[in-house]
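J.: Chains as they are written, first to last, in the working numbering: chain A, 1 to 189; chain B, 190 to 432; chain C, 433 to 824. Built from N, CA and C at the ideal position, the CB exists for glycine as well. Before anything else, here's the structure in question.
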Amino acid sequence: MSVFKDAGHLFRFAGLFVLAFLIFLVVRHYVVPKSFGQYGHYRGAAMGEIAAHPVKFSGHDACEACHSDVAEKKNAGKHAHVNCEACHGALARRLPAPAEPAPDMLQKLVALAIPRPVADPPVVRHADDPSSVVPERPDTAVLCARCHAASAAKPKGFPQVVIAEHSNGLPCETCHQPHSPAIDAGGAK
Amino acid sequence: MKFNRRQMLILLPAAAVAWKSVLAGTPEDSPNYRMSDHWWGMLIDVTKCIGCGNCVRACATENDVPDGHFRTWVERYHVTDEDMTEPQVISPNGGKDGFPMAQEDDKKYFFVPKMCNQCADSPCTQVCPVGATFVAPDGVVLVDQKYCLGCAYCVQACPYGCRYIHPQKDVADKCTLCYHRITQGLTTACCETCPTGARQLVDLKNPKDPIHEFLKTHNVQVLKPQMATGAKAFYNGLDGSVR
Amino acid sequence: MNGVEGFMYPNEVGLQWSVLIVLYPFITGLVAGAFILASLERVFRVEAVKPTYRLALLTALSFLLVAPLPLQLHLGHPERSPEMYFTPHSTSAMAMFGYVYLWYLMAVLVLEIWLDYRRDIVMLYQSSKGLLRLVYGIMTLGSTNISERALAIDDKVGWIVTLIGIPSAFMLHGYVGFIFGSIKANPWWSSPLMPVVFIFSAMVSGIAGVMLLYMAATRLRGQKIDVHCVDTIAMYLFYIFIIDFSLEMLDLIHRIYEADESFRSLNFLVHTQLYIPHIVIQICLGTLTPIILLGITQVVKLNEIVRKRMYVVAGCLTLVGIFAMRWNVVIGGQLFSKSFLGYTTYKMTLVTREGLLVAVFLTLLPLVFLWVFVKLLPPWPEKAAEAAAAGD
């Protein structure tokens, strides 16, 4: 038995390993999120969290539910495939982030080691309260030019004009009604 | 269904994985959405893109994308017929503010919208050390921002430059294919606001999706096919000079 | 934006991995190299390098303790790093880090040092007082058995541990190479040679590092440097360096000859931004010069003083060269666009979390650790004899 006795210190070392491993297993049991491994090697609950992100572009169906008159007009014209929010912008938006006091030295040091999670401010929606978010009435000089200003890089079949030569400085909506831009379609005001 | 060899090469990684290897999903939080019923992708028609930048702006608004980083962006190519391996490419502020006017010359111009390719064999999820990024059962590559270490290994591994480290959250961030929208039956913010229909959200598991007919009748390519990432962003009319 | 030339994908402009990630492979390289040197004596019975055996082990331990710090500091969420242990992702090269590191630290280095020092620890425990006695007491794990049989068992087990340690050291550093070499998106990194080059450059840097530390420490202690020992180390350094250089050149020539789609871009980089760090510092100054210097000492009969000086110069240049190699891999691999159409620049910051000051601090920290270890567990043979005498 003396071999066993003379190797006793090695068993102590091994014992430490086993102990550390057991502690690891216990900690692991408590620390790993419950939904981890539900679908694969990741937290199954993550998908639900990502899907909970607030929608800002409500989609044209939401607009058309109330503004069917505009939709009808638009869908009969050349801009039938241009959705409302492509020009008017998102019908929901985030409130501005609340101002935070400047961090002091200690907070800065702590933040270096443990970054704080950044919470996003809440979202308000036009559909819930039409006055909370008012859709843009875009400046046609900017808006129309964005798509229709002539450029050699645009597909050849796409209607485009050299802005400076096209309208003598008149605003686009003088002749073209954006919801139904073709002049012969009665677009002029 | 008949495919030529080229189409097969494009379709094999994505579609094959779509039909065969997706496990039966479980109904999850969102009431009418079953992950196992979908296999999402994107169709990008280069021939329709006018470089207006609507998609870039809409994406930034919809997803609170920090300035200077992009979940989607638009590039403008300018290619000579002599050397198509050295195109001149610009993407000022990701195309968010549009592009400068291009003068007609003897070279070829076109726009290429870029975004996460939602790869089925994604190199970015492969390298994540902790399982903080993954291909969801419906084919969308997502980041679990509560689990991500911020090691940036996935950013290095993406061949397309689609990932970045969020400057405030210090975690990896990328296109979620507007996961919060598509699980509610909406389309993505970029598709919603694209005025020319250059982008189309596609569901490869939906037999009625027009993508099947489209892929059958068009010459479609994915970006960097040599990377074998199983990309599911299908490009119609893609020029060989595009990287 | 900051120094972009040509076209970068817009998310690529800022570098993801900073100087700290340069430091990490440099430090683990020193660990692996120092351990290989120690195993020369233990496993391959190269008696001449015996004076450096314990010093090499302590050096390896000091650097290994610092190795994860640059990684931690670089993480966006360092507090989440235990996830690597709890849910390691089997397909990720990086996920292995935690386990390889712990295995190497505890099952190889600490165990080997403990076994080798056990006799000294017990004697120091018996001869010291106060707090120091407590420290040594903990190190004995409550066993003061240093009978001849016990020590014989220690020696045998220690030999086995070293034997396991060699592949472990290869794994520790080879896998660092694999982290880079397995990224197919990055042609500057993606190469099956990467892990092999990393292992050989690790051996080179570790051997050079221990050689310099041995010479400096002996000098500081006012002792005579064992020239035969240094000669032997220099010889090994020379031969391993030649293998390392051949591998790196093979990689370079292969790239030039194949000239694939990335070549134009990488070639431009090597001729511009990377010219100084790659061609001048890494290849000419940090590789060719030390190889020539060491080669001269192998071929020409020189007197002791000249030889020692040449070793010191060669050793220092080697460390500079290997650091430059890490720099060129990590930073160089992020300077070009994955579209191969443009380049960005890296500007090191000074006092940020990933800045120059932190990097300098982390480089010096292992030396502080080493100093503490040397005080606690003197690696010098004559000190060991003294301790033995005091204990008897």
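Can you name the start and end residues of the alpha helix (DSSP H) that valine 133 (chain A) belongs to?
T.: The residue labelled residue 133 (chain A) in the question sits at position 133 within the first sequence. Note, valine 133 (chain A): premise wrong, no alpha helix (DSSP H); not H, not E.
J.: Starting from the beta carbon of asparagine 83 (chain A), find every residue of chain B whose beta carbon is closer than 7 Å, and list them in chain order.
T.: Taking the first sequence and counting its residues from 1, one reaches residue 83 (chain A) at position 83. What asparagine 83 (chain A) touches in chain B: Glu381 and Thr382.
J.: For cysteine 172 (chain A), does the count of other Cβ atoms within 10 angstroms reach 16, so buried, or fall short, so exposed?
T.: Counting from 1 along the first sequence, the entry for residue 172 (chain A) is found at position 172. Cysteine 172 (chain A) is buried by the Cβ-count criterion.
J.: What residues in its chain sit with their C-beta under 7 Å from that of serine 513 (chain C), if we drop five residues either side in the sequence?
T.: One-based indexing of the third sequence puts residue 513 (chain C) at position 81. Gln504 and Leu507.
J.: Which chain C residues are close to glycine 8 (chain A), counting only those with a beta carbon under 7 Å from its beta carbon?
T.: Position 8 of the first sequence, counted from the first residue, corresponds to residue 8 (chain A). Near glycine 8 (chain A) (Cβ distances below 7 Å), the residues of chain C are Ser575 and Asn577.
J.: Tell me which residues share the same chain as leucine 773 (chain C) and place their Cβ nearer than 7 Å to its Cβ, disregarding the 5 neighbours each side in the sequence.
T.: One-based indexing of the third sequence puts residue 773 (chain C) at position 341. Closer than 7 Å at the Cβ level, and outside the excluded window around leucine 773 (chain C), lie Gly438 and Phe439.
J.: Of the choices C:Asp683, C:Val662 and C:Phe801, whose alpha-carbon is the least far from that of isoleucine 737 (chain C)?
T.: In the third sequence, the residue the question calls residue 737 (chain C) occupies position 305. Of the candidates C:Asp683, C:Val662 and C:Phe801, the one whose C-alpha sits nearest the C-alpha of isoleucine 737 (chain C) is C:Val662.
J.: Using Cβ-Cβ distances below 7 Å, what residues of the region 495-518 of chain C are close to chain B?
T.: Taking 7 Å as the Cβ-Cβ cut-off against chain B, the residues of the region 495-518 of chain C that qualify are Leu507, Gly508, His509, Arg512, Ser513, Glu515 and Met516.
J.: Any idea if leucine 331 (chain B) is buried or exposed, counting beta-carbon neighbours within 10 angstroms, 16 or more meaning buried?
T.: Numbered from 1 along the second sequence, position 142 holds the residue referred to as residue 331 (chain B). With 16 or more other Cβ atoms within 10 Å, it is buried.
J.: Please list the partners that phenylalanine 36 (chain A) has in chain C, where partner means a Cβ-to-Cβ separation under 8 Å.
T.: Within the first sequence, numbered from 1, the residue matching residue 36 (chain A) stands at position 36. Ordered by position in chain C, the residues that pass the 8 Å Cβ test against phenylalanine 36 (chain A) are Thr519.
J.: Against chain C, with Cβ distances strictly below 8 Å, would tyrosine 424 (chain B) count as a contact?
T.: Here the question's residue 424 (chain B) lines up with position 235 in the second sequence. Chain C, which has no Cβ nearer than 8 Å to the Cβ of tyrosine 424 (chain B), makes this no.
J.: Does the beta-carbon of glutamate 444 (chain C) have 16 or more other beta-carbons within 10 angstroms, so that it is buried, or is it exposed?
T.: Taking the first residue of the third sequence as position 1, residue 444 (chain C) is located at position 12. Burial call: buried.
J.: Shortest alpha-carbon distance to cysteine 147 (chain A) belongs to which of A:Leu19, A:Ile23 and A:Pro178?
T.: The residue you call residue 147 (chain A) lines up with position 147 of the first sequence. Among A:Leu19, A:Ile23 and A:Pro178, the Cα nearest to that of cysteine 147 (chain A) is on A:Pro178.
J.: Relative to the alpha-carbon of tyrosine 531 (chain C), which residue among C:Met603, C:Gly461 and C:Arg550 has its alpha-carbon at the smallest distance?
T.: On the third sequence, position 99 is the one that residue 531 (chain C) refers to. When each option's Cα is compared against that of tyrosine 531 (chain C), the closest is C:Met603.
J.: Output yes or no for whether 8 Å exceeds the beta carbon distance between valine 263 (chain B) and glycine 230 (chain B).
T.: Counting from 1 along the second sequence, the entry for residue 263 (chain B) is found at position 74. Counting from 1 along the second sequence, the entry for residue 230 (chain B) is found at position 41. Contact flag unset, no.
J.: By a C-beta neighbour count over all protein chains shown, 10 Å radius and 16 as the cutoff for buried, is glycine 386 (chain B) buried or exposed?
T.: Numbered from its first residue, the second sequence carries residue 386 (chain B) at position 197. It is exposed - the Cβ of glycine 386 (chain B) has fewer than 16 other Cβ atoms within 10 Å.
J.: Please specify which runs of the beta strand (DSSP E), each continuous and at least 3 residues long, are wholly inside the region 232-301 of chain B, giving them in chain order.
T.: List check, beta strand (DSSP E) in window: 261-268 and 277-279.
J.: Among the residues of its own chain, which have a CB less than 7 Å from the CB of leucine 595 (chain C), if the five just before and after it don't count?
T.: Translated into positions along the third sequence, residue 595 (chain C) becomes position 163. Contacts found: Val475.
J.: At a CB distance below 8 Å, what residues from the region 737-768 of chain C approach chain A? Give them in sequence order.
T.: For the region 737-768 of chain C, which is checked against every Cβ of chain A, not one residue is closer than 8 Å.
J.: Comparing C-alpha positions only, which one of A:Arg137, A:His60 and A:Arg94 sits nearest to alanine 80 (chain A)?
T.: As a working note, residue 80 (chain A) is residue 80 in the first sequence. With distances taken between Cα atoms, alanine 80 (chain A) lies closest to A:His60.
J.: Quick check on threonine 418 (chain B): does DSSP put it in helix, strand or coil?
T.: For the purposes of this step, residue 418 (chain B) is taken as residue 229 along the second sequence, with counting starting at 1. If DSSP states are grouped into helix, strand and coil, threonine 418 (chain B) belongs with coil.
J.: At a cut of 8 Å, does the region 487-494 of chain C reach the region 790-803 of chain C through at least three beta carbon pairs?
T.: Counting Cβ pairs under 8 Å, three or more are found: they touch.
J.: Classify valine 629 (chain C): buried if its beta carbon has 16 or more other beta carbons within 10 angstroms, exposed otherwise.
T.: In the third sequence, residue 629 (chain C) corresponds to position 197, counting from 1. By the neighbour-count rule (16 or more Cβ atoms within 10 Å), valine 629 (chain C) is buried.
J.: Whose C-beta lies closer than 6 Å to the C-beta of cysteine 337 (chain B) among residues of the same chain, with five residues either side of it excluded?
T.: Walking along the second sequence from the start, residue 337 (chain B) turns up at place 148. Within the same chain, cysteine 337 (chain B) has close Cβ partners Ala321, Val360 and Ala361.
J.: Since I believe valine 589 (chain C) is in contact with leucine 19 (chain A) (beta carbons under 8 Å), could you give me their beta-carbon distance rounded to a whole number of angstroms?
T.: Your numbering for residue 19 (chain A) matches position 19 in the first sequence. Your numbering for residue 589 (chain C) matches position 157 in the third sequence. With a Cβ gap of about 20 Å, leucine 19 (chain A) and valine 589 (chain C) do not count as contacting.
J.: Grab me the residues of lysine 482 (chain C)'s own chain with a C-beta within less than 7 Å of its C-beta, minus the 5 sequence neighbours each way, in chain order.
T.: By 1-based counting over the third sequence, the position of residue 482 (chain C) is 50. Cβ within range, chain order: Glu473.
J.: Three or more C-beta pairs closer than 8 Å, one from the region 20-39 of chain A and one from the region 359-379 of chain B: is that the case here?
T.: Judged by Cβ distances under 8 Å, the region 20-39 of chain A makes no contact with the region 359-379 of chain B, as fewer than three pairs qualify.
J.: Is it buried or exposed, glutamine 415 (chain B), if we count other Cβ atoms within 10 angstroms and call 16 or more buried?
T.: On the second sequence, position 226 is the one that residue 415 (chain B) refers to. Its Cβ having fewer than 16 others within 10 Å, glutamine 415 (chain B) is exposed.
J.: Distance check for serine 180 (chain A) and alanine 76 (chain A), CA to CA, integer angstroms please.
T.: Counted from its first residue, the first sequence places residue 76 (chain A) at position 76. Counted from its first residue, the first sequence places residue 180 (chain A) at position 180. Those two C-alpha atoms are separated by around 7 Å.
J.: With DSSP as the reference, label serine 600 (chain C) as helix, strand or coil.
T.: Start at 1 with the first residue of the third sequence, and residue 600 (chain C) comes out as number 168. Of the three classes helix, strand and coil, the one that applies to serine 600 (chain C) here is helix, per DSSP.
J.: Quick check on valine 211 (chain B): does DSSP put it in helix, strand or coil?
T.: Position 22 of the second sequence, counted from the start, is the residue given in the question as residue 211 (chain B). For valine 211 (chain B), the pLDDT reaches just 34, beneath the cut-off of 50, and the residue's location in the model is therefore unreliable, although a value from the coordinates is still provided. Of the three classes helix, strand and coil, the one that applies to valine 211 (chain B) here is coil, per DSSP.
J.: Can you list the residues of chain A that methionine 231 (chain B) reaches, using a CB-CB cut of under 7 Å?
T.: Within the second sequence, numbered from 1, the residue matching residue 231 (chain B) stands at position 42. None at all; the shortest Cβ gap to chain A is about 16 Å.
J.: With a threshold of 16 other CB atoms inside 10 Å of the CB of alanine 325 (chain B), please say whether the residue is buried or exposed.
T.: Taking the second sequence and counting its residues from 1, one reaches residue 325 (chain B) at position 136. Under this definition alanine 325 (chain B) is a buried residue.
J.: Spatial neighbours of alanine 756 (chain C) within its chain, please: CB distance less than 7 Å, with the 5 preceding and 5 following residues excluded, ordered by chain position.
T.: Within the third sequence, the letter at position 324 stands for residue 756 (chain C). Only Pro709, Ile713, Gln714 and Gly718 meet the Cβ criterion.
J.: Please report how far the alpha carbon of serine 219 (chain B) lies from the alpha carbon of serine 225 (chain B), in whole angstroms.
T.: For the purposes of this step, residue 219 (chain B) is identified with residue 30 of the second sequence, where counting begins at 1. For the purposes of this step, residue 225 (chain B) is identified with residue 36 of the second sequence, where counting begins at 1. Confidence at serine 219 (chain B) is low in this model, with a pLDDT of 47, below 50, so the placement of that residue should be treated as unreliable; the coordinate-derived value is given next. So the two alpha carbons sit approximately 13 Å from each other.
J.: Indicate whether the contact test is met: 3 or more Cβ pairs, each with one atom in the region 242-250 of chain B and one in the region 336-351 of chain B, closer than 8 Å.
T.: Not touching, per the Cβ criterion.
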